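Those protein sequences? They're chains B and C, same order as listed. Heads up: the first sequence begins at 3 in our numbering, then just goes up one per residue. Heads up: the second sequence begins at 894 in our numbering, then just goes up one per residue. Heads up, the beta-carbon is just placed ideally off N, CA and C, and yes, glycines get one too. Just so you know, these numbers come straight off a predicted model, no measurement behind them. What follows is a single structure, written as structure tokens, with notes after it.
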Amino acid sequence: AQSVTQPDIHITVSEGASLELRCNYSYGATPYLFWYVQSPGQGLQLLLKYFSGDTLVQGIKGFEAEFKRSQSSFNLRKPSVHWSDAAEYFCAVGASDGGNKLVFGAGTILRVKS
Amino acid sequence: KAGVTQTPRYLIKTRGQQVTLSCSPISGHRSVSWYQQTPGQGLQFLFEYFSETQRNKGNFPGRFSGRQFSNSRSEMNVSTLELGDSALYLCASGRTSGGANPYEQYFGPGTRLTVT
């Protein structure tokens, strides 16, 4: 079965600093990968997705992610963090057991200090 | 285009009662998935409906059920509520046909269920 690991439960960065959130997945074939963001009390917003092709994908709000098959990773990056980026970030992979099922990581809570 | 809507947004129920949550997907989307989010277990897949048929089901007891209507709106029902059912229930909609990217889904704001 597919699984997603987000090794960092919490991360704190200074406003204006760069950010990298880690995601490792377990999947036999080419995975369908996603990053979502969730603000407190809100639903999940899709930041970006990877299906195939270029391994560096761009998303909304200035985020990008790089797919590295050799490392089974799909890390999320942002060159300069804004205070409004403070939220919880989830990495997800499409499951192979039918339908649209996503398997999520445990999430990384991002705190931005001014 | 309007996003995914979920009603109600907040709900307080007593143990043993039952509850029905509603989800209206994005117009044109025929897939609706439900997820339960709790601090301890994270985001867990409940089930998915596509064209009124359940296409996949997660590892939840039979007290959790759902259905989808011909207009793609979906409801989920939880019977005989337990304290552990307190959670944020998220609905997600997707196209999954007509060239749409597989697994790509958009989430609603969720229904916060508190069982006392």
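Using beta-carbon positions only, say whether residue i and residue j come within less than 8 angstroms of one another.
i, j, result
"B:Gln-40", "B:Phe-92", "yes"
"B:Gly-61", "B:Trp-37", "yes"
"B:Phe-69", "B:Leu-23", "no"
"C:Ser-917", "C:Thr-898", "yes"
"C:Val-1008", "C:Arg-908", "yes"
"B:Asn-102", "C:Tyr-996", "yes"
"B:Lys-63", "B:Leu-48", "no"
"B:Ser-28", "B:Gln-4", "yes"
"B:Leu-46", "C:Leu-983", "yes"
"C:Arg-1005", "C:Arg-923", "no"
"B:Val-114", "B:Val-83", "yes"
So is residue i buried or exposed if we call it buried at 16+ other beta carbons inside 10 Å?
i, result
"C:Arg-988", "buried"
"C:Gly-1001", "buried"
"C:Ile-919", "buried"
"C:Tyr-928", "buried"
"B:Asp-87", "buried"
"C:Ser-944", "exposed"
"C:Ala-980", "buried"
"B:Pro-9", "exposed"
"C:Gln-998", "buried"
"C:Gln-961", "buried"
If you follow the beta strand (DSSP E) that residue i is in, where does it begin and where does it stop?
i, result
"C:Gly-959", "957 to 961"
"B:Asn-26", "26 to 28"
"C:Val-925", "924 to 931"
"C:Phe-938", "935 to 943"
"C:Glu-975", "Run containing C:Glu-975: none; DSSP gives neither H nor E here."
"C:Asn-952", "Here C:Asn-952 belongs to no beta strand (DSSP E), and DSSP marks it neither H nor E."
"C:Arg-1005", "1004 to 1008"
"C:Thr-900", "898 to 900"
"B:Glu-22", "21 to 23"
"B:Gln-40", "35 to 40"
Can you pull the chain C residues whose beta carbon is under 7 angstroms from the beta carbon of residue i, in chain order?
i, result
"B:Tyr-34", "Pro-995, Tyr-996"
"B:Gly-101", "Glu-941, Phe-943, Arg-948, Asn-949"
"B:Gln-44", "Pro-1002"
At 8 angstroms on the CB atoms, spell out the chain B contacts of residue i, in chain order.
i, result
"C:Ala-918", "Sequence inspection shows Pro at residue 918 of chain C; the Ala mentioned does not correspond to that position. In chain order: nothing, as chain B lies at least about 11 angstroms away."
"C:Ser-924", "Gly-101, Asn-102"
"C:Leu-983", "Gly-45, Leu-46"
Residues of chain C with CB closer than 8 angstroms to the CB of residue i, please, in chain order.
i, result
"B:Leu-23", "Neighbours of B:Leu-23 on chain C: none; closest Cβ ~16 angstroms, over 8 angstroms."
Residue i touches chain B at which residues, Cβ-Cβ below 9 angstroms?
i, result
"C:Gly-935", "Phe-92, Phe-106, Gly-107, Ala-108, Gly-109"
"C:Phe-938", "Ala-97, Lys-103, Leu-104, Val-105, Phe-106"
Run through chain B and tell me which residues come within less than 7 angstroms of residue i, C-beta to C-beta.
i, result
"C:Gly-987", "Asn-102"
Runs of beta strand (DSSP E) lying entirely within the region 56 to 107 of chain B, each at least 3 residues, in chain order | Within the region 56 to 107 of chain B, the complete beta strand (DSSP E) runs of at least 3 residues are 58 to 60, 66 to 70, 75 to 80, 89 to 96, 104 to 106.
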